Amino acid sequence: MRWKTIRPTFVLPQLKKLSVRSRVALGAPALAVLAAAVAVVASVAVQGDPQLAANQADIANPDCVLQVPANPLSAKGLATPYLISAAKGHCTETNADQSAFVQATILDPATGKLSVYDPLVIDKGSRPEIAPTPPPLPSGAVVGIWFGFNGTNLTLRGDTGTCVNGDNNSVFGQYAYCNAQPFFAAADKAIAGKKLAIPALGAGKDGKPCMTTRDFGLVDQDQSDNVTTTYLQAKDGRIAQDTPANETKLGKAKVHPKTKAKVVAKLNNGSDNVLLDAFVDPALGCTPFTAPDLASGKQVTSLALDELQAAARQQAPIALVPTNDPMVLDGTKTSVTKTNLYRVGVDMPAINPRTETPQAYCRSLVTTGLQRTKLDERFTKTGPSPDPGAASNLFTFLAQRLQGSFDNLGCGNLLHTANPVHLTTNKAGVVVDAGL
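Note that numbering that gives the first Met the number 0 gives residue 14 to position 15 of the sequence shown, counting from 1, and the numbers run on in steps of one.
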């Protein structure tokens with residue numbers, strides 16, 4: 000479940016798209032009040048501002064389509080932009096509530112070396128601000144591709160022969176992948192052959208093993224989703240890959256006429272992986288698993304790297320995608336088939352429905368997860384919040400996330416217990432403290 004993305008263009012303050020899962024948590028009365036307030040504010044704010052009016056219209060459309068280029072696993076395919084559009088209405092990459100993200104992780108089976116490359120997403124009918132350079136892939140490279148989305152449902156179209164978007168007509172939502180199973184199989188072979196070494200987790204400031212995406216101290220209602228990709232947005236709205244060279248070029252070429260400030264912004268995907276790599280790890284003194292980015296040369300993180308480390312290093316109890324995860328539901332019903340399809344994309348074993356029950360997942364969430372969140376409070380309270388508009392610091396962000404996950408997974412009914420997380424908010428609705 001993603002959090003509010005830092006907006007690259009001006010939008011209505013506090014105007015934040017609500018996913019289906021958020022609607023369930025808020026309830027109809029709260030939504031009615033919110034809808035009325037948004038309508039009043041929006042009608043005033045958009046007058047005379049076509050771009051703002053377009054952004055407002057986009058917010059009402061949480062479902063977008065992403066066109067996969069031809070031969071997506073090749074160097075040319077990786078450098079060809081994906082095109083975002085909508086089956087109905089309008090979708091644009093620069094709307095922070097509709098932005099889609101693509102991330103590839105590459106394995107050289109001959110050496111076991113890993114690398115990362117972030118293909119670009121642009122609006123259908125537009126062009127990149129700076130054209131991507133095809134990555135130098137090693138001979139025999141095995142490429143896996145993963146997707147993140149800031150809306151509700153992302154549907155893949157185009158050359159999707161190696162891709163999994165869900166089960167039949169039931170998409171996962173914010174997550175999809177291409178060629179993940181062959182990638183993880185090749186990685187497992189490289190690990191077994193001593194060509195690929197997965198780094199140890201190390202210990203955090205709390206004396207516990209550093210967390211992974213499968214730690215109940217980190218997971219939420221829909222774990223192991225979205226990516227760590229970021230893009231650059233130029234003043235004219237076009238998109239470029241986030242590399243130091245591109246940022247320098249855009250910063251020098253595009254200067255605001257009045258403020259003289261560099262008018263280049265970043266689009267990001269608020270993912271579980273970003274939460275771990277960029278917020279929780281630094282707070283606990285931990286270091287994420289990284290590999291070189293073939294576009295920039297920098298060491299970067301990725302969903303696949305996080306899942307490889309989680310598969311190799313996470314100690315029991317291990318959080319694996321449960322059947323009550325909203326992204327693996329088929330409508331309102333649980334689906335073992337869809338759950339297993341999701342798991343394949345993040346290198347998890349097939350589910351055992353007899354032991355890996357929703358009740359068992361909830362029980363670990365409110366015991367192990369709650370205990371770790373409470374233990375780390377002294378460290379996370381001084382860490383920055385991924386969403387300052389929702390929570391005042393990293394601890395309160397994790398607490399409100401845990402409270403929402405308890406509700407949205409139905410843990411209260413499954414465990415016959417009240418929500419153990421109690422939040423304190425200020426007048427603006429920002430969570431400023433929590434009792435566990």
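Note that the Cβ used here is the ideal one computed from N, Cα and C, for glycine as well.
Small disclaimer: the values here were computed from a predicted structure and weren't measured.
For Arg126, the number of other beta carbons within 10 angstroms of its own is below 16, and it is reported as exposed.
Shown here for Pro181: same chain residues with a beta carbon closer than 7 angstroms to its own, the five before and five after excluded, namely Val141 in chain order.
In this structure, the straight-line span from the alpha carbon of Pro134 to that of Thr79 is close to 11 angstroms. Relative to Asp62, the option among Gly143, Leu155 and Ser138 whose CA is nearest is Leu155. Pairing Ser84 with Asp375, the inter-Cα distance amounts to about 42 angstroms. The three-state reading of DSSP puts Tyr174 in coil, since its state is none of H, G, I, E or B.
Comparing alpha-carbon positions, the option among Gly388, Leu393 and Arg400 lying closest to Ala427 turns out to be Gly388.
Cβ atoms of Lys373 and Leu435 come within 8 angstroms of each other, at about 5 angstroms. When only Cα atoms are considered, Val335 and Tyr81 end up about 31 angstroms apart. Ala433 counts as buried, since no fewer than 16 other beta carbons sit within 10 angstroms of its beta carbon.
Within the model, the alpha-carbon separation for Lys112 versus Phe288 is close to 13 angstroms. Per DSSP, reduced to three states, the secondary structure at Gly368 is helical. Beta bridge pairing from DSSP links Asn267 with Thr229.
With distances taken between CA atoms, Asn392 lies nearest to Val279 out of Ala417, Gly192 and Val279. Counting other Cβ atoms within 10 Å of its Cβ, Arg377 stays below 16 and is therefore classed as exposed. The DSSP-derived three-state label of Ile350 is coil. By DSSP's assignment, Ile317 forms no beta bridge with any residue.
Contact between Gln222 and Val320 holds: their C-beta atoms lie close to 6 angstroms from each other, under 8 angstroms. With contact defined as three or more Cβ pairs closer than 8 angstroms, the region 351-369 and the region 399-410 are in contact.
Note on geometry: alpha-carbon atoms of Ser301 and Asn268 lie some 12 angstroms from one another.
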